[in-house]
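Quick note: the sequence shown uses this note's numbering, first residue 683, plus one each step.
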Amino acid sequence: MTDRPICAVLDDYQDVALTSADWSSLKDRVEIRRFDKHLGDENSVAADLADCTMIVAMRERTGFPESLLKRLPKLRLLVTTGMRNRSIDLAAAKKLNITVSGTGAAGNPAAELAWAGLLAYMRKLPEEVANFRAGGPWQTGLGRSLQGRKLGVVGLGKLGRRVVGFGQAFGMEVCAWTRTDLASRAEALNIEPVTLLELFRSSDVITVQLSLVPETEGLISADLLGAMKSDAVFVNTSRGPIADEETLIAALQDKRIGGAVLDVFGQEPLPDDHPYRRLPNVLATPHIGYVTEENYRVYYSDAVENILAWLDGTPLRELT
683 MTDRPICAVL DDYQDVALTS ADWSSLKDRV EIRRFDKHLG DENSVAADLA
733 DCTMIVAMRE RTGFPESLLK RLPKLRLLVT TGMRNRSIDL AAAKKLNITV
783 SGTGAAGNPA AELAWAGLLA YMRKLPEEVA NFRAGGPWQT GLGRSLQGRK
833 LGVVGLGKLG RRVVGFGQAF GMEVCAWTRT DLASRAEALN IEPVTLLELF
883 RSSDVITVQL SLVPETEGLI SADLLGAMKS DAVFVNTSRG PIADEETLIA
933 ALQDKRIGGA VLDVFGQEPL PDDHPYRRLP NVLATPHIGY VTEENYRVYY
983 SDAVENILAW LDGTPLRELT
């Protein structure tokens, strides 16, 4: 037994949390309890974390609604990696006297993954690599080039602007839609501002680069997906609920669109029997857009700093 407060480090799937930062400064002040698997439903989370004073959450892997927070009587500090986490009820945390803090991040890895996935899909890399390793015929598929095709970027925030640059570097014609200041943002990037419907009608590749907020949930509707070209590719590395999943699955199953590159889903981890796991025109990854060595070093180093600051009575990076 120890009288030190317990800090739970959640969802450390890759077993890297304690090696991505120097936790030694907490050794004599905090007992670290690491979980390498998702704890499951709310009852399981509440049972496993009931005696924890501090929790370090990795993105939205485990949600903290008011109903769960009320079942964690000792919790006083909740650290989330990144500075935004829609799965934490901040108002409830404040009411329950729980400090919530965030961390910095490194670079734009989600934008990089979007482009990596697109390139891999267009050039049929997963199939070619699998065939190569199996000793199959030398060259089996016919890839497609990005040069000269039209890229439609949905959202011109930090990640959207980065993807615009990728498209321009690959010789693509780029158009975009964003929620605010479309004309001025597009002019600054030397790209075409269009309506959301026109973007879906005219683009060969559509990439979603939006945050999930009430205004964007379900934004990519059945009407928009239905307007896509028959060979167009849909890319989403932002958040699954931004797009109408049922319509997207049906369009892919019926081959009404060219394909999809996905890193985010409405339910995560994705169920084993989900259609995305077996559709041949889907290239999917398990929400790894933010999963890089550089990002994790910043995440966990800032988390340690946040814990020390809170212990000393001067919380850092509070979220409100």
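Glycine is no exception: its CB is placed at the ideal position from the N, C-alpha and C atoms.
When C-alpha distances from SER749 are compared across VAL727, THR763 and MET740, the shortest belongs to VAL727. Counting only unbroken stretches of 4 or more residues, the alpha helix (DSSP H) elements lying wholly within the segment 869-913 are 878-884 and 904-908, in sequence order.
Between the alpha carbons of ALA787 and ARG758 lies a gap of roughly 24 Å. GLU855 sits in a strand when the DSSP states are folded into three classes. Per DSSP, THR762 is one residue of the beta strand (DSSP E) stretching across 759-762. Bridge partners of LEU833 according to DSSP: VAL856 and VAL887.
Following the DSSP letters along the chain, one finds LEU965 inside the beta strand (DSSP E) bounded by residues 964-966. Annotation: the continuous beta strand (DSSP E) that includes SER783 extends over 781-783. Secondary structure at GLY995: coil, using DSSP grouped into helix, strand and coil. In the pairwise beta carbon analysis, the segment 842-861 is classified as touching the segment 792-809: at least three pairs are separated by under 8 Å. By DSSP's assignment, CYS689 forms a beta bridge with ILE714 and MET736. The segment 866-873 and the segment 888-899 do not touch, with fewer than 3 CB-CB distances between them shorter than 8 Å. Your pair PRO968 and GLY948 does not check out as a contact, with CB atoms roughly 14 Å apart and the cut at 8 Å.
For VAL946, the secondary structure class from DSSP, reduced to helix, strand or coil, is coil.
DSSP, read as helix, strand or coil, puts VAL980 in helix. According to DSSP, GLY941 shares a beta bridge with VAL915. In this structure, TYR958 places its C-beta atom within 8 Å of the C-beta atom of ALA966. Under the 10 Å beta carbon count, ASN918 is surrounded by 16 or more other beta carbons and is classified as buried. When the beta-carbon positions are compared, SER912 and VAL890 stay at least 8 Å from each other.
The beta carbon of ASN779 sits closer than 8 Å to those of ARG758, all from its chain and outside the five residues before and after it, given in chain order. DSSP places ILE770 in the strand class (E or B) of the three-state scheme.
TRP820 counts as exposed, since fewer than 16 other C-beta atoms from the protein chains shown sit within 10 angstroms of its C-beta.
Cβ-Cβ distances below 8 Å link GLN829 to PHE852, GLY853 and MET854 in the same chain, with the five nearest sequence neighbours on each side left out; the list follows chain order. DSSP, read as helix, strand or coil, puts GLU1000 in strand.
DSSP places TYR803 in the uninterrupted alpha helix (DSSP H) bounded by 791-804.
In this model, LEU731 and ASP710 are separated by some 21 Å (Cα to Cα). In the three-state DSSP reduction, ALA729 falls in the helix class (H, G or I). Bridge pairing for PHE746: ILE770 [DSSP]. An exposed status is given to SER706, since fewer than 16 other beta-carbon atoms sit within 10 Å of its beta-carbon. In the three-state DSSP reduction, ALA787 falls in the coil class, being neither helix nor strand. As the crow flies, the alpha-carbon of GLY784 is around 35 Å from that of ALA904. In the structure shown, the three-state DSSP call for ALA703 is coil.
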